[in-house]
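Input: a single structure, listed below in structure tokens.
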Amino acid sequence: MVERKLIVYFDDAEERARDFATAIGYDVAPLNLAPNGWHLCLNESDLTLRHPDKQSMRLSLDDIRRRSLSGRRSPLSRACGVRDGMTVLDAFAGWGTDGLTLATLGCRVTCCELQPLVFAMLYDRIKRSEICSLNGIRVDVGELLADRMHCWDVVYLDPMFPLHPKTALPSYPMQVLADIADQSDTREIAEWSFECANQRVVIKNRIKDPPLIRSPDWQIRARSVRFDVYRAN
Ligand SMILES: C[S@@+](CC[C@H](N)C(=O)[O-])C[C@H]1O[C@@H](n2cnc3c(N)ncnc32)[C@H](O)[C@@H]1O
Numbered sequence: 046m047v048e049r050k051l052i053v054y055f056d057d058a059e060e061r062a063r064d065f066a067t068a069i070g071y072d073v074a075p076l077n078l079a080p081n082g083w084h085l086c087l088n089e090s091d092l093t094l095r096h097p098d099k100q101s102m103r104l105s106l107d108d109i110r111r112r113s114l115s116g117r118r119s120p121l122s123r124a125c126g127v128r129d130g131m132t133v134l135d136a137f138a139g140w141g142t143d144g145l146t147l148a149t150l151g152c153r154v155t156c157c158e159l160q161p162l163v164f165a166m167l168y169d170r171i172k173r174s175e176i177c178s179l180n181g182i183r184v185d186v187g188e189l190l191a192d193r194m195h196c197w198d199v200v201y202l203d204p205m206f207p208l209h210p211k212t213a214l215p216s217y218p219m220q221v222l223a224d225i226a227d228q229s230d231t232r233e234i235a236e237w238s239f240e241c242a243n244q245r246v247v248i249k250n251r252i253k254d255p256p257l258i259r260s261p262d263w264q265i266r267a268r269s270v271r272f273d274v275y276r277a278n
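Note that our numbering has the sequence shown beginning at 46, numbered continuously upward.
Structure, rendered in structure tokens:
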């Protein structure tokens, strides 16, 4: 089956949309042809994810700046054991908040994202961040790990948690992600990660949920999440 090309809809910025779409292998079309569901829209100022019945979404870099202020003391940073030049695979990159934070702290980060709309937003955010030690690839991370061509110091996994009726609604970008993100066999991907990690595999989890795989070597707790840390084989 031929995969249908993804489309970046343009409002008033056709040339900018063409440059952006070409860089990630997507097509362009005017906004009046946009579909009824979630779609990408690029105008002179920014890229947004739009839906006719829902609030639009754009990604800022402010939260990355805020998070990088807590530096290497943050739970994420301690869980990954951040050092200058350390390589990290952000296996389930989503909007890239964790991956970008790690890159601002000196890591060289590869962000993987499978869902095409999410990937476009991630790619745009990476470009705007102007961090050169950061790259984004649209790939099924299971395939990337299975071919065993690359290794990273740390493989970091932040899989989608199922929505929990008893917890507060997550931020709007996380609600949108829950609406459109891909679901994978995260246990299998977590097991494969050990083949490609030189130092650690780190899995983000809800604070009260059991570990995704076996018991971790140690855990780092944050306010609502927990990082399960495994030494590499
Ligand atoms: C919980 S989100 C990650 C959030 C992210 N840490 C952040 O800071 O924004 C998980 C992401 O993994 C993506 N995903 C699921 N299966 C995948 C796969 N096999 N390969 C790559 N990405 C995948 C989903 O589309 C989703 O965007």
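Even for Gly, the Cβ is constructed at its ideal location relative to N, Cα and C.
query                                                                                                             : result
In chain order, each alpha helix (DSSP H) run of at least 4 residues that lies wholly inside the region 67 to 146 : 107 to 114 and 120 to 125
Local conformation of V246 per DSSP, three classes                                                                : strand
Per DSSP, cross-strand counterpart(s) of T155                                                                     : L134 and N180
Buried versus exposed call for E59 [16 or more other C-beta atoms within 10 Å across all chains shown]            : exposed
Assigned exposure category for D143 - 16 Cβ within 10 Å defines buried                                            : buried
Nearest neighbour of D254, chosen from S178, L145, R266 and Q244 [CA to CA]                                       : R266
Proximity of L134 and W237 at Cβ, strictly below 7 Å                                                              : no
Sequence-distant residues of its chain with Cβ nearer than 7 Å to Y168 (five each side left out)                  : I69 and G181
For A226, the nearest candidate out of W140, R259 and A277 (CA to CA)                                             : W140
From F137, M131, C157 and F206, residue whose alpha carbon lies closest to that of A148                           : M131
Local Cβ density within 10 Å of V47, reported as buried at 16 or more and exposed below that                      : Reliability fails at V47, whose pLDDT of 49 lies under 50, so the model's placement of it is uncertain and no value is given.
Residues near G187 by beta carbon distance below 6 Å, same chain, minus five either side                          : I234
Residue environment, K249, which counts as buried when at least 16 other CB atoms sit within 10 Å                 : buried
DSSP beta-bridge partners of L202                                                                                 : I248
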